[in-house]
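Numbering (our numbering), first residue to last: 1067 to 1126. Here a beta-carbon is modelled for each residue, glycine too, at the ideal position from N, C-alpha and C. See structure below.
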Amino acid sequence: MFEAGSVNPCHRLLMLKFVHLLDDAGYSVEKMSGTKTSVHIGQFSPDQAIATSRMRSEHR
């Protein structure tokens, strides 16, 4: 699992939006926990990988 500092900020915002969409649909994260539900996000940009590689290992 990735630490929050190494997760792409755009992915973090998309995941937050997903949680809000679930809430708007009447579901909660607790209700979805344990179900076969997943979110797949793809990205094509080396920017975050470059930034993460420059971080000290204890901050990744």
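Three-way DSSP call (helix, strand, coil) for residue i in this model
i: Lys1083; result: helix
i: Met1067; result: No answer about Met1067 holds up, because its pLDDT of 47 lies below 50 and its placement is not dependable.
i: Ala1115; result: helix
i: Met1098; result: helix
i: His1106; result: coil
Inter-residue Cα distance where the pair is residue i and residue j
i: Met1067; j: Val1073; result: In this predicted model, Met1067 has a pLDDT of only 47, less than 50, meaning its place in the structure is not dependable enough to derive any value.
i: Ser1119; j: Thr1103; result: 31 Å
i: Thr1101; j: Tyr1093; result: 12 Å
i: Met1121; j: Gln1114; result: 11 Å
i: Val1085; j: Gly1108; result: 18 Å
i: Lys1097; j: Leu1082; result: 16 Å
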